[in-house]
Amino acid sequence: MSEHSRRALVTGGCGFVGSHLCEQLLDAGSAVLALDNFATSNPDNVAQLLGRPGFDLVQHDVTEPLPPLGPVDVVFHLASAASPPDYLRLPIETLRAGSLGTANALELAERNRARFVLASTSEVYGDPAVHPQPEAYWGNVNPIGPRSVYDEAKRYAEALTMAFRRERGVDSGIARIFNTYGPRMRTDDGRMVPTFIAQALADEPLTIAGTGEQTRSLCYVEDTVRGLLALAASDHPGPVNIGNPHEVSVHGLAVEIRSAIGSRSTLTYIDGAIDDPQRRCPDISLARLELGWSPTVTRADGLRRTIDWFAARSTGPAARALP
Ligand code: NAD
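Adding 1481 to a residue's 1-based position in the sequence shown gives its number in my numbering.
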């Protein structure tokens, strides 16, 4: 975010990534308007921001015509269900957020001559046949499977963003975000880090979907947000991968979390998800070169910070002290 950016709109600003983005923007001296309909979050995520000067929150569905929001210099479009249980529960809403929501956010950016940053996803690569995934790879996506509501919504959002750039001169940047984790994720959102942490804190079995040999690359939220801000401050159109290239198997991650917590949990295996990608790892050469960005928080450090956050909020009978 450049020093000239004075007011940012963050759609989905009360979500997991959005709330951290709002916080870093405020810390950098920008005013922030968070727009959210709380489809997959609640205002608690920004409770600590509500009293801060320059922070405003509007409850609104981004797929509906936007109310007057005042001038903005940059629009970050994050509003969308993001976790598999959420988008499988909200399939049509997810497609609408990627299509109508992206159109509304782009038109707002156009009217304001604002920089537009789209939070796209590594899911546009589907179950990748190329590894690690560079931005030039076009992906391997099932267009009609259950996950397509998310994957294709984001692919459409990317296409729409590029069309607004070419046809209407919108100053856009597309970030392809890879798996991000950290404080403020919901324990019931189905993503593996909060799921394993909650299970390990309660000494319950850690449920591994599939064989556990599938890999993911996990980026700590602070690093992901720095990447989004770097893209906003540049004039690069993207798409640019924002993720951590250190790959870990799902089984390996479960073991890491269990030992970081000192839990007595066992490991148990459940059916894998349909079209679940087997390997997922970003090639971040472009982000390094064009944005001067790379992640700095190690997995051990990021997991420790995340575990501490969840442990501090464990209130049920299963809550236990960390070693
Ligand atoms: P999240 O579910 O925590 O946040 C999404 C936010 O968008 C929520 O606050 C939700 O209420 C809001 N929202 C959804 N539909 C809306 C609508 N129609 N109108 C207004 N608000 C709406 O998810 P997240 O993990 O913070 O993801 C944020 C963005 O980053 C998403 O666009 C997601 O696709 C993208 N992303 C996230 C990850 C990740 O690992 N967290 C990875 C890739 C991409």
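C-beta: ideal position from N, C-alpha, C; glycine also. Model, not experiment: these values are computed from the prediction.
If you follow the beta strand (DSSP E) that residue i is part of, which residue opens it and which one closes it?
i, result
"T1492", "1488 to 1492"
"Q1540", "1536 to 1540"
"H1558", "1555 to 1558"
"V1721", "1721 to 1723"
"F1791", "F1791 -> not in any beta strand (DSSP E); alpha helix (DSSP H) instead, spanning 1780 to 1794."
"G1654", "1653 to 1658"
"V1513", "1512 to 1517"
"R1697", "1696 to 1698"
"E1728", "1728 to 1730"
"Y1750", "1748 to 1751"
"A1690", "1687 to 1690"
Give the range of the alpha helix (DSSP H) segment to which residue i is assigned.
i, result
"Y1618", "Unbroken run through Y1618: none, as it is neither H nor E."
"R1596", "Counting along the chain, R1596 falls outside any alpha helix (DSSP H), though it belongs to the beta strand (DSSP E) covering 1596 to 1602."
"T1583", "1583 to 1593"
"V1527", "No alpha helix (DSSP H) holds V1527; DSSP gives it neither H nor E."
"S1500", "1497 to 1508"
"E1648", "1629 to 1649"
"T1544", "Unbroken run through T1544: none, as it is neither H nor E."
"Y1606", "Here Y1606 belongs to no alpha helix (DSSP H), and DSSP marks it neither H nor E."
"E1703", "1702 to 1714"
"D1567", "1565 to 1570"
"M1666", "M1666 -> no alpha helix (DSSP H), and no H or E assigned at all."
"I1678", "1673 to 1682"
Checking 9 Å against the spacing of the C-beta atoms, do residue i and residue j come in under that value?
i, j, result
"E1639", "L1767", "no"
"P1524", "L1531", "yes"
"Y1618", "S1580", "no"
"V1674", "L1784", "yes"
"F1557", "A1741", "no"
"G1663", "E1703", "yes"
"E1604", "A1520", "no"
"G1650", "D1757", "no"
"V1553", "D1517", "no"
"L1699", "S1744", "no"
"P1549", "H1541", "no"
"L1709", "I1723", "yes"
"A1600", "I1658", "yes"
"G1693", "S1730", "yes"
"R1665", "W1790", "yes"
"A1656", "P1720", "yes"
"L1576", "E1633", "yes"
I'd like to confirm something about residue i: is its beta-carbon nearer than 8 Å to some heavy atom of ligand 1, or not?
i, result
"C1762", "no"
"A1442", "Limits of the chain in this structure are 1482 at one end and 1804 at the other, which puts residue 1442 out of reach."
"A1578", "yes"
"N1526", "yes"
"R1672", "yes"
"G1773", "no"
"H1727", "no"
"S1603", "yes"
"G1719", "no"
For the putative contact between residue i and residue j, defined by C-beta atoms under 8 Å, what is the C-beta separation to the nearest angstrom?
i, j, result
"T1661", "V1498", "6 Å"
"P1718", "V1630", "Not confirmed; about 26 Å, so no contact."
"N1725", "P1686", "With a Cβ gap of about 27 Å, N1725 and P1686 do not count as contacting."
"G1773", "A1711", "7 Å"
"R1786", "H1727", "The Cβ separation is near 16 Å, so there is no contact."
Grab me the residues of residue i's own chain with a C-beta within less than 6 Å of its C-beta, minus the 5 sequence neighbours each way, in chain order.
i, result
"R1697", "N1660, R1761"
"A1679", "T1668"
"A1560", "T1492, G1493, V1543, A1578, G1582"
"T1688", "T1749, I1751"
"A1595", "V1553, D1554, V1555, V1556"
"A1474", "Nothing can be reported for residue 1474: it is not among the residues displayed for the chain, which extend from 1482 to 1804."
Which same chain residues end up closer than 8 Å to residue i when comparing Cβ atoms and leaving out the 5 residues on each side of it in sequence?
i, result
"L1507", "V1513, L1530, R1533, G1535, F1536"
"L1641", "S1580, T1583, A1584, L1587"
"A1799", "Because the pLDDT at A1799 is just 37, under 50, the model does not fix this residue reliably, and the value given afterwards should be weighed accordingly. So the list reads L1682, A1683, D1684, E1685, once near-sequence residues are dropped."
"R1487", "S1511, A1512, D1554"
"P1609", "Y1618, G1620, N1621, P1758, R1760, R1761"
Under 7 Å Cβ to Cβ from residue i, same chain only, skipping five residues before and after it: list those, please.
i, result
"D1670", "S1564, P1566, D1567"
"A1754", "P1565, A1690"
"V1611", "Y1618"
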